[in-house]
Amino acid sequence: MTCLRSLPVRNWWTLRVKVLTDPRALPHVALSQRLAGSAVSSIVRPLISCLANCLVRCMALGLLMAFGIGCPLAAPHLAQAEEWQASLYNEGLPTHLVAVDKKRQTFMFFEKKSPLKLKYTYPCTTGQLPGDKQALNDLRTPEGIYFVEYKIASGLDFKEYGGIAYTLNYPNPVDRLRGKTGHGIWIHSKGFGIEPLSTRGCVAIGLKEIDEVGPQLTPGTAVVLADKMDENAQPRPDSSTANELRRLMQNWSNAWASRSVKMFDYYNPDAYSRAMTENFTAFRQNKERLFKSLRFIKIFNRKINVLEGPGYWVTWSEQLYTASNLSTEGVRRLYWQRDNDQKFRIVGMEWTPRDLGMRADFQKGQLVAEAPLQQVSDASSEAPQRPRLDMPEAAPEKAEATALAAPQPSQDKTATAKAGQGDKLMAANDPLVPRRSNATPPAEVNWGARPAMEEAARSEAESAPKGAPAKPADQAAKPAEVQQAVNLPAPTSVPAPIAAPAQANAPVAAAAQQLSLTPEVRAALEKAVQAWNADFSARSTNIASLYDQAKYNREAGTPRGYSYNSTMRELDRRFAVPWLRLISRKPKFEIQGSLAVSHCEQLVVAPNGMEQGVRSFWWSRDNKGDFRIVASQFKPEELGLAADYLDQVSDAASAMVEKWRKAWEAGRLDEYIEYYADDAIQQGRWGAKNIQKQKELLWQRVQPTLVQITGLRLVADKQGLRADMNQVYADSSGHTDRGTKTLLLRFDGKAWRIAREDWAPLGAPVAPIGEAGQ
């Protein structure tokens, strides 16, 4: 963005009349300059210039009046005919919002603390011309409801932007529906003060002011840009319209969760097709296909907010979507207009994936929703997906972890589940660097629970000795899809005291009763736990030597679990995979009578998914004095270990993404296709061979010239790693586009490869850094 030249003062507010257009472009000025340049004496030159000005002004005014056209100086008022005065209602107000009064050049920041309160008010500057923005480079600031997307904290011209900018989502779906163009509307500052009406469409405030309010301009903050906004007017009483729209959004969510065709009745198909990059027919067909293929869908909305814009309304909510194939969370926005039958219908949508902690709350049973939720629910391919609305923030504290597959030096740091759930987020223009992110497995994944042991349990029942009590029917494994829906921890049976074998060695038992957690005992236990972890990580059959076959599952005071044979069969099944990675935190020990107990927080990652939780072993000394496992238990729990896993694999994964990008940009087909799995899916194309054929035909006609990616984020997924990023693409034909690229990366034991590639275009021109406010 190139705003007008700033004055070397902090804020200059002298009352003066500004020339809103270049005076040299006016015909009377051009004529006077030509006359002034002729061989006329300096005495008569001013007189000729004055007469020329008067003559041209009169001629221009007469012609314009004859054709019914306003004079150039009145032209800006044409845009003012639809100037919008914002109104707020108590119903559905967000906790904080920004409002800009363009007429008074005033920036306001509100907080809702019963009632709405004005926290900050600053002078600001907006576009050079009054009225609502309509087109690219029209020098106007748009009017409507917008939202903060992300923060740009580097790479900016200090004089023009003050070094910090917050981007807005102009044009929004209603803007596109109305045919508005342009892009790059920011809230920023200026390095040397501001003056009224001096930007190309952005909103600028002072350096001190943006430092004060900036930290509160978090992604998703509502921004009301209006011609008039009275900060002294209290929000109106609850509007029936606002309440109706909040109800409609919840009903729409319920219809979606129920996989009902009634969901499509909430849309205006024609308007949706014009406002979005996806045709409504294609959108409906895709949703109907998902409705048939998914076993369940759940939609959780937190508080539904609502604001009125110029001729439309916006509702939005933090939303958790979980289904049998996907679990994701973010911010959902719906744009509403009245249809011909005067009913509100959706004309556009926006979906912003974001880590909100809803999935973790859901798994803990602590999620509070806006309304009673449906137990059926599908949201996978929402199109289009805008970039993640992220702000830079500090990385979470790293937990102590040790990767057995790739040894790492241990570190004594404390960690909590909340620390693991943090994100290291980046500015829009940050380089290709992975973001440390804890991504809990989707709700349907339940690796540590009973499904993994169903077959072993049946085998145990068949091989149980005569006289052994039969397992109650209510302990039978639940169907997989039910466990996926509830994601409960692994059931634990009631401890049942069992007499020790008669042939047990009495002196050893007496020694065991005297067990205490001495430094020698602790060292021996640590060695035993490390041996189990190493054998498990290496998928070694030597792990069986760590179990006491005679005593296993027969010691008094231990949880009654699976038999020794069933446990070995389960380990064999787990070891059948081509690779396995174990991340383990430092174990904790306690003494329970004659037994030692170890508790270790662990994450296991394998080709078929991941699990994390607390693994406990009960240890007893054998005849040689070595510790052997006599009971075990695994309790699934969200512990934030996925962040530690990402720390260990992010370098390799991000390096692979960069090599893939370079091969794509250079058009090296053989190298490019090497980064795809044989069964990869790329936007409807199945298999690496089909992807290669399509690219070969395409690159014969046009060659890629630019592939630029920023804001890479890696998130642990049940199938591997999900990498999403902002992408800018250009080819030799002059075609360019930008959007969100999402890659599902799968590790094959040697390298990371792309298993799935999805692309969601933004449908807006690219705004390079330094060219905002277009």
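Letter by letter, the sequence shown follows residues 1 to 774 of the UniProt record's numbering.
All residues carry an ideal CB built from backbone N, CA and C; glycine is no exception.
No experiment lies behind these values; they were computed from the predicted model shown.
Taking 7 Å as the limit between beta carbons, can you name the residues of its chain near residue i, skipping five residues before and five after?
i: residue 667; result: 699, 703, 704
i: residue 549; result: 564
i: residue 605; result: 581, 645
i: residue 731; result: 702, 703, 704, 705
i: residue 279; result: 273
i: residue 340; result: none
i: residue 622; result: 548, 628
Using beta-carbon positions only, say whether residue i and residue j come within less than 8 Å of one another.
i: residue 653; j: residue 697; result: no
i: residue 174; j: residue 266; result: no
i: residue 537; j: residue 582; result: yes
i: residue 306; j: residue 217; result: no
i: residue 229; j: residue 300; result: no
i: residue 539; j: residue 580; result: yes
i: residue 337; j: residue 271; result: yes
i: residue 574; j: residue 677; result: no
i: residue 547; j: residue 615; result: no
i: residue 707; j: residue 664; result: yes
i: residue 89; j: residue 107; result: no
i: residue 749; j: residue 578; result: yes
i: residue 617; j: residue 594; result: no
State the Cα-Cα distance for the pair residue i and residue j, rounded to the nearest angstrom.
i: residue 87; j: residue 103; result: 15 Å
i: residue 630; j: residue 620; result: 7 Å
i: residue 97; j: residue 219; result: 11 Å
i: residue 329; j: residue 166; result: 23 Å
i: residue 129; j: residue 223; result: 20 Å
i: residue 635; j: residue 611; result: 10 Å
i: residue 552; j: residue 541; result: 17 Å
i: residue 532; j: residue 260; result: 50 Å
i: residue 190; j: residue 206; result: 7 Å
i: residue 323; j: residue 240; result: 33 Å
i: residue 657; j: residue 669; result: 15 Å
i: residue 543; j: residue 263; result: 54 Å
i: residue 345; j: residue 757; result: 32 Å
i: residue 528; j: residue 655; result: 36 Å
i: residue 193; j: residue 225; result: 22 Å
i: residue 332; j: residue 321; result: 10 Å
i: residue 244; j: residue 286; result: 28 Å
i: residue 156; j: residue 162; result: 8 Å
i: residue 717; j: residue 115; result: 42 Å
i: residue 360; j: residue 214; result: 28 Å
i: residue 268; j: residue 288; result: 17 Å
i: residue 42; j: residue 196; result: The predicted position of residue 42 is uncertain, since its pLDDT is 44 and thus under 50; no value can be drawn from it.
i: residue 99; j: residue 284; result: 36 Å
i: residue 150; j: residue 687; result: 36 Å
i: residue 601; j: residue 221; result: 37 Å
i: residue 177; j: residue 208; result: 37 Å
i: residue 626; j: residue 517; result: 15 Å
Excluding the 5 residues preceding and the 5 following residue i in the sequence, name in chain order all residues of the same chain whose CB lies nearer than 8 Å to its CB.
i: residue 304; result: 92, 246, 249, 250, 315, 316, 317, 370
i: residue 212; result: 120
i: residue 497; result: Confidence in residue 497 is poor, its pLDDT being 40 and thus under 50, which makes the residue's placement too unreliable to answer from.
i: residue 252; result: 263, 266, 334, 346
Assuming residue i contacts residue j (C-beta within less than 8 Å), just tell me the rounded distance between them.
i: residue 257; j: residue 298; result: 6 Å
i: residue 576; j: residue 515; result: Rounded, the Cβ-Cβ distance is 37 Å, inconsistent with contact.
i: residue 661; j: residue 591; result: Actually they are not in contact, since the Cβ atoms of residue 661 and residue 591 sit about 55 Å apart, beyond 8 Å.
i: residue 111; j: residue 95; result: 7 Å
Identify, in the order they occur along the chain, each residue of the same chain with its Cβ nearer than 6 Å to the Cβ of residue i, setting aside the five sequence neighbours on each side.
i: residue 309; result: 144, 145
i: residue 349; result: 334
i: residue 356; result: 318, 329
i: residue 66; result: At residue 66 the pLDDT is 44, less than 50, meaning the model places this residue with poor confidence and gives no usable figure here.
i: residue 733; result: 702
i: residue 672; result: 663, 664
i: residue 231; result: 108, 118
Using a Cβ-Cβ distance under 8 Å, would residue i count as near chain C?
i: residue 97; result: The displayed structure is made up of one protein chain only, and chain C is not part of it.
Review point. Is there contact here, the region 200 to 208 with the region 181 to 189, by at least three beta-carbon pairs under 8 Å?
Key: yes
Check your understanding: Is the region 552 to 569 close to the region 523 to 536, with three or more CB pairs under 8 Å?
Key -> no
Check your understanding: Taking three-plus beta-carbon pairs below 8 Å as touching, is the region 164 to 182 in contact with the region 270 to 278?
Key -> yes
Review point. Are at least three pairs of beta-carbons, each pair with one atom in the region 740 to 749 and one in the region 724 to 731, less than 8 Å apart?
Key: yes
Practice item. Would you be able to state if there are at least three C-beta pairs under 8 Å between the region 634 to 652 and the region 676 to 691? Key: no
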